[in-house]
Amino acid sequence: MKRVSGAIDRSVLNSVMGMLGKSGIDHVGLSARAGLGGAGLFISPQSTPLMIFTTMLELASDATNDPALGLMLGDTWGYRGLGQHAEMVLTAPTLGHGLEKFARFFPTLQGSTSCRLSVEDGQAKLSYRIAEHAVRTRTQDAIFSEASFHSLLLAALGHDWQPNCIDFEHRNDRGLSTFQHHFGCQVRLGQRENAIFLPADLLNKPMKQANSERHWQLVNALQSRASNLQQNVDLPTATKAWIVATLCRHCQIDIHDAADEFSMSLRSFQRELDQAGTSFRSIRDEVRGGIASDMLRLTNLPIPDIAEHLGYSELSAFSRGFKSITGTSPGQFRRELPRHV
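In the working numbering, the protein residues as written are 5 to 345.
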């Protein structure tokens, strides 16, 4: 059985990158760190590994020292960023009907993720949780997602509506007062999943934009898409993403840890990579070489800082490794190639 890992629709990443740029954030430098600077590590026009998307959000939050950055991005992206998925909700006969379909077809937007609508004790809950163990950095993603879901519910229920409660998985209370002010309700941290709560009777509310013909066109389109597309990437691509995310967390890139993160034995992990025509070492070298090239070309970071980011304990080891991949030293590479900073 071939292992796959979650991915997210590429349009979501592109939108977030655009918002970061408009906010004055160095999205080019962040892209270089996240393996998106042009080295070709992740070339699919349709999707991006979920680990890369969540890592990019965390890098942006760290760079701006803004623990609530995902809130700004999700609110700006809004329900319109959800595209057909949001339109399907707003053209449904009732809110509950629309949200049920939204949760059902969410995997066509983002893989390895649980999105559910449930009802208990008079409360409806729209929940969201990345189900993939290997996606370690997910705080800003949760905030971004809950903000966009909140925007969708405001569009459906009116801008004076407020949730009963918001739950987040993460425990870090930095930004808690900002979240409570934005959502206008209690915000609970350290919960099992991310969720928005609302009175269950609101699920029966007719949608002002209800349009049966358009709604079912969208349902059928997403049903067809679900039959042909689940947002996933293969194991070699997921391994690239894991190495990128691990480097960005300043952790060691070890093959035993990688196998464990994908819930595989070391032997099975190596065998599946071998069957795909590659190896962990080859992928590691490709990632390091690609990110090094992008960081040398797109940032002003000193070469020792780049070496440290890539997990090299000594500058000489980085120089040897880079030269073995590119045929030139990091310094010569930076001097000879045009840079666009």
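Think of the CB as a built atom: it goes at the ideal place given N, C-alpha and C, for glycine as much as any other residue.
Can you tell which of Thr68, Ile295, Leu86 and Asp125 has the C-alpha that lies nearest to the C-alpha of Phe110? On the sequence shown, residue 110 is found 106 positions in, with the first residue counted as 1. Each of Thr68, Ile295, Leu86 and Asp125 was checked against the Cα of Phe110, and the nearest Cα belongs to Leu86.
What is the residue span of the beta strand (DSSP E) that Pro53 lies within? The count along the sequence shown starts at 1 and reaches residue 53 at position 49. Note, Pro53: beta strand (DSSP E), Ser51 to Pro53.
Backbone secondary structure at Arg177 - three-state DSSP: Against the sequence shown, residue 177 aligns to sequence position 173. The amino acid occupying residue 177 in the given sequence is Asp; Arg does not appear at that position. Reduced to three states, the DSSP call for Asp177 is coil.
Within 9 Å, strictly: CB atoms of Glu173 and Met55: Stepping through the sequence shown from its first residue, residue 173 is reached at position 169. Stepping through the sequence shown from its first residue, residue 55 is reached at position 51. The answer is no: Cβ separation not under 9 Å.
Runs of beta strand (DSSP E) lying entirely within the stretch 166-224, each at least 3 residues, in chain order: 169-171, 190-192 and 198-203, all fully within the stretch 166-224.
Do you know how far the Cα of Asp289 is from the Cα of Ile329? Numbered from its first residue, the sequence shown carries residue 329 at position 325. Numbered from its first residue, the sequence shown carries residue 289 at position 285. Cα to Cα, the separation comes out at about 8 Å.
Inter-residue Cα distance where the pair is Lys209 and Thr303: To locate residue 209, count along the sequence shown from 1; it is residue 205. To locate residue 303, count along the sequence shown from 1; it is residue 299. Whole-angstrom Cα-Cα distance: 52 Å.
Run through the DSSP bridge pairs and tell me what Lys129 is partnered with. Numbered from 1 along the sequence shown, position 125 holds the residue referred to as residue 129. In DSSP, Lys129 forms a bridge with Ser122 and Phe201.
Enumerate in chain order the residues of its own chain whose CB-to-CB distance from Glu265 is below 7 Å, with the five nearest sequence positions on each side excluded. Counting from 1 along the sequence shown, the entry for residue 265 is found at position 261. The answer, listed in chain order, is His137, Ala138 and Trp246.
Unbroken beta strand (DSSP E) run spanning Val139, endpoints: As a working mapping, residue 139 is identified with position 135 in the sequence shown. Looking at the DSSP string, Val139 is not in any beta strand (DSSP E), and its letter there is neither H nor E.
Residue range of the beta strand (DSSP E) that Asp70 falls in? Within the sequence shown, the letter at position 66 stands for residue 70. Run containing Asp70: none; DSSP gives neither H nor E here.
Which same chain residues end up closer than 7 Å to Ser323 when comparing Cβ atoms and leaving out the 5 residues on each side of it in sequence? Reading the sequence shown from its first residue, position 319 is the one you call residue 323. If we look at Ser323 and ignore the five residues flanking it on each side, its Cβ neighbours are Ser333 and Pro334.
Are the CB atoms of Ala36 and Arg271 within a distance shorter than 9 Å? As a first step, residue 271 must be located in the sequence shown, where it is residue number 267. As a first step, residue 36 must be located in the sequence shown, where it is residue number 32. No, the pair does not count as a contact, with Cβ atoms beyond the cut-off.
I need the straight-line Cα distance from Ala128 to Leu156, nearest angstrom please. Taking the first residue of the sequence shown as 1, we reach residue 128 at position 124. Taking the first residue of the sequence shown as 1, we reach residue 156 at position 152. Cα-Cα distance, rounded: 15 Å.
Considering only C-alpha positions, which residue in the set Leu202, Met76 and Cys169 is nearest to Val191? Position 187 of the sequence shown, counting from 1, holds the residue named residue 191. Looking at the Cα atoms, Cys169 is the closest of the given residues.
Which residue comes first and which comes last in the alpha helix (DSSP H) that contains Asp258? Within the sequence shown, the letter at position 254 stands for residue 258. Counting along the chain, Asp258 falls outside any alpha helix (DSSP H), and DSSP gives it neither H nor E.
Counting beta carbon pairs with one atom in the stretch 152-167 and one in the stretch 194-210, are three or more of them shorter than 8 Å? A contact exists between the stretch 194-210 and the stretch 152-167.
Beta-carbon proximity list for Thr141, same chain, < 7 Å, skipping 5 on both sides: Locating residue 141 in the sequence shown gives position 137, where the first residue counts as 1. So the qualifying residues of the chain are Thr58, Thr59, Glu62, Ala249 and Arg253.
For Leu99 and Phe106, what's the separation of their Cα atoms in angstroms? Residue 99 sits at position 95 when you count from the first residue of the sequence shown. Residue 106 sits at position 102 when you count from the first residue of the sequence shown. Near 10 Å, if we compare the C-alpha coordinates of Phe106 and Leu99.
Just the C-alpha distance for Lys346 and His163, rounded to the nearest angstrom, thanks. Nothing about residue 346 can be reported from this structure: the residues present for the chain run from 5 to 345 only.
Distance between Val32 and Val345 (C-alpha atoms, nearest Å): For the purposes of this step, residue 345 is taken as residue 341 along the sequence shown, with counting starting at 1. For the purposes of this step, residue 32 is taken as residue 28 along the sequence shown, with counting starting at 1. Low local confidence applies: a pLDDT of 45 at Val345 is under 50, so the model's placement there is unreliable, and no value is given.
Pairwise C-alpha distance: Asn215 and Leu45: Taking the sequence shown and counting its residues from 1, the one referred to as residue 45 is at position 41. Taking the sequence shown and counting its residues from 1, the one referred to as residue 215 is at position 211. Cα-Cα distance, rounded: 42 Å.
Which of the three DSSP states is assigned to Ile134 in this structure? Indexing the sequence shown from 1 puts residue 134 at position 130. Three-state result, Ile134: strand.
In this structure, how does DSSP classify Leu310 when only helix, strand and coil are distinguished? Start at 1 with the first residue of the sequence shown, and residue 310 comes out as number 306. Note that residue 310 is Ile in the sequence shown, not Leu. Of the three classes helix, strand and coil, the one that applies to Ile310 here is helix, per DSSP.
Anyone know if the C-beta pair for Leu130 and Ile200 falls short of 9 Å? Residue 130 sits at position 126 when you count from the first residue of the sequence shown. Residue 200 sits at position 196 when you count from the first residue of the sequence shown. For Leu130 and Ile200, yes; Cβs fall inside 9 Å.
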